[in-house]
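Encoded as structure tokens, the structure appears first; notes follow it.
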Amino acid sequence: MPRAIISPSVLASDFGHLNAECKRMIKNGAEWLHMDVMDGHFVPNITMGAPILSCVSKGVPGIFMDCHMMVAHPERVCWVNDIADAGGSLYCFHLEATSEPLLLIDAIHERNMKAGVAISPDTPSTAITDEVADAADMLLVMTVYPGRGGQRFLDRCVPKVSELRARFPHKDIEVDGGVGPKTIGPCADAGSNVIVAGTAIFGAEKPEEVIALLKSTVET
Ligand code: DX5
Ligand code: ZN
Numbered sequence: 205m206p207r208a209i210i211s212p213s214v215l216a217s218d219f220g221h222l223n224a225e226c227k228r229m230i231k232n233g234a235e236w237l238h239m240d241v242m243d244g245h246f247v248p249n250i251t252m253g254a255p256i257l258s259c260v261s262k263g264v265p266g267i268f269m270d271c272h273m274m275v276a277h278p279e280r281v282c283w284v285n286d287i288a289d290a291g292g293s294l295y296c297f298h299l300e301a302t303s304e305p306l307l308l309i310d311a312i313h314e315r316n317m318k319a320g321v322a323i324s325p326d327t328p329s330t331a332i333t334d335e336v337a338d339a340a341d342m343l344l345v346m347t348v349y350p351g352r353g354g355q356r357f358l359d360r361c362v363p364k365v366s367e368l369r370a371r372f373p374h375k376d377i378e379v380d381g382g383v384g385p386k387t388i389g390p391c392a393d394a395g396s397n398v399i400v401a402g403t404a405i406f407g408a409e410k411p412e413e414v415i416a417l418l419k420s421t422v423e424t
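By the count of my numbering, the sequence shown reaches residue 424 at its end, each step adding exactly one.
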């Protein structure tokens, strides 16, 4: 299995001090930062877009921005180019939001970003074809409905992680939504290696302990 990576979701951070919050998490052991981009169409909420990401990449040199694109038409050139120009490291789009995943993965790679493919709770793992998974760098299994932080972890999504791990032993598989010390066990057992956690990390008194615990659970 690929190595364990912890990606705190900044959705649970203090947006008024976003750069400082990202630096704090890196200091506490986070390798990636998970940036939830919501457009008010694919999901009802609006969070942040390229202008904010650009400030973060300039203010936090070397940051790996794991951009979770909860947007309609993620294949639009403006989305891909804007996120690339803003310093996005990984562009993860929802399979439900586009009819041309392979072309989109190519466009993401052309802009030197890693490509991720996300599935919402009601989308089966089989919707990710071998061709799409082979082209992508990461698969994201949502363990809540996309749209907001702080929701309850949906156990019924975990079997999809096992199914994808069985099909793709070497692929990065991310879980996102309601993940924390109480729910990491089944995620790790099922084979996810990239762990997103918002509330559980930012809400903790000692985030470094939560990050270390999540990482060690995946590694053992
Ligand atoms: C939900 C987002 C998640 C969320 C995770 O739409 O994609 O990244 O912020 O936050 P927690 O860990 O609080 O569920
Ligand atoms: Zn997310």
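Backbone N, C-alpha and C fix where the C-beta goes; we use that ideal spot for every residue, glycine too.
These numbers were taken from a predicted model, which means no experiment stands behind them.
- Leaving aside the five residues that flank Ser324 on each side, the residues in its chain whose CB is nearer than 8 Å to its CB run, in chain order, His298, Glu300, Met346, Tyr349 and Pro350.
- Collapsing the DSSP output to three states places Ile287 in a helix.
- Unbroken beta strand (DSSP E) runs of no fewer than 3 residues, entirely contained in the segment 289-375, are found at 294-298, 318-323 and 342-346, following chain order.
- Residue selection by CB proximity (closer than 5 Å to any heavy atom of ligand 2) returns Asp240, His272 and Asp380 in chain order.
- Membership of Met239 in the beta strand (DSSP E) is indicated by the continuous run Leu237 to Met242.
- In the DSSP annotation of this structure, Ile230 is not part of any beta strand (DSSP E); the continuous alpha helix (DSSP H) holding it starts and ends at Leu222 to Lys231.
- Excluding sequence positions up to five before and after Ser366, its CB lies within less than 7 Å of the CB of Ala394 and Gly395, all in the same chain and listed in chain order.
- By the 16-neighbour rule on beta-carbons within 10 angstroms, Val379 is buried.
- Contact between Met239 and Val214 is confirmed by a C-beta separation of about 6 Å, below the 8 Å threshold.
- Around the beta carbon of Arg356, a 10 Å sphere encloses fewer than 16 other beta carbons of the protein chains shown; the residue is thus reported as exposed.
- Just measuring C-alpha positions, the residue of His245, Cys259 and Val260 sitting nearest Met273 is His245.
- Selection Met269, Leu257 and Gly382 evaluated against Ala234 yields Met269 as nearest (Cα-Cα).
- With a 10 Å radius around the Cβ and a threshold of 16 neighbouring Cβ atoms, Gly266 comes out exposed.
- For Val379, the three-state secondary structure derived from DSSP is strand.
- Taking 9 Å as the cut-off, the beta carbon of Gly291 is found closer than this to the beta carbon of Val260.
- When the five nearest sequence neighbours on each side are left out, the beta carbons in the same chain lying within less than 8 Å of the beta carbon of Ile250 are those of Met242, Asp243 and Gly244, in order along the chain.
- The continuous beta strand (DSSP E) containing Pro212 extends over residues Ile209 to Pro212.
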